[in-house]
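Have a look at the structure below before the remarks.
Residue numbers (my numbering): 9 to 105.
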C-alpha cells in the first residue's frame, strides 16, 4: 500500500462569517488567513500576546514547540493561537469573544 503525501494545503474557514482560505501545511494558520485576504486580529505573531486566539471548531493543528500563551484548560477546550498553529487537516476557527 503506497502512502500518499499530505496535500500542500487544506481548506480553512472562519466563523461566524464563513470566510474561507487556503490553509498551507508549512505556514501558520494566521499567515494563510492573511494571504487569503482575511482580517484576523494579531499582534506579536509569536504565540505570547494572545491577540489572535480563536477556537478550533473542527480539524487539527500542530505547534512546533509548546507555546506558553495557552493554559492547559484552554488547549483542552480547543483554543488555538493561529499565529503559531500549523494546520494538519481542514480547519474551522471561530473568533474568541
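We treat Cβ as the ideally placed atom computed from N, Cα and C, and that holds for glycine.
My output table needs one value for residue 31: the three-state DSSP class, helix, strand or coil. As a working note, residue 31 is residue 23 in the chain shown. The answer is strand: DSSP assigns residue 31 an E or B state.
Can you give the Cα-Cα distance for residue 70 and residue 93, rounded to whole angstroms? Looking up residue 70 in the chain shown gives position 62. Looking up residue 93 in the chain shown gives position 85. One C-alpha to the other measures close to 6 Å.
Are residue 101 and residue 37 closer than 9 Å when you measure CB to CB? Here residue 101 corresponds to residue number 93 of the chain shown, with the count starting at 1. Here residue 37 corresponds to residue number 29 of the chain shown, with the count starting at 1. Yes, the Cβ-Cβ distance between residue 101 and residue 37 is below 9 Å.
Rank 95, 63, 91 and 32 by C-alpha distance to the C-alpha of residue 84 and give the top, closest one. Counted from its first residue, the chain shown places residue 84 at position 76. The shortest C-alpha separation from residue 84 is found at 63.
Can you tell me where the alpha helix (DSSP H) holding residue 39 begins and where it ends? Along the chain shown, one-based indexing puts residue 39 at 31. Start and end: 37-43.
Shortest alpha-carbon distance to residue 98 belongs to which of 86, 25, 21 and 44? The residue you call residue 98 lines up with position 90 of the chain shown. For residue 98, the nearest C-alpha among the options comes from 21.
Taking the beta carbon of residue 55 as the centre, do at least 16 other beta carbons fall within 10 Å, making it buried, or is it exposed? To locate residue 55, count along the chain shown from 1; it is residue 47. That one is buried.
Within its chain, find whatever has a CB closer than 8 Å to the CB of residue 33; leave out the 5 residues flanking it on each side and keep chain order. As a working note, residue 33 is residue 25 in the chain shown. For residue 33, where only same-chain residues beyond five positions count, the Cβ hits under 8 Å are 14, 15, 16, 17, 18, 94, 95 and 96.
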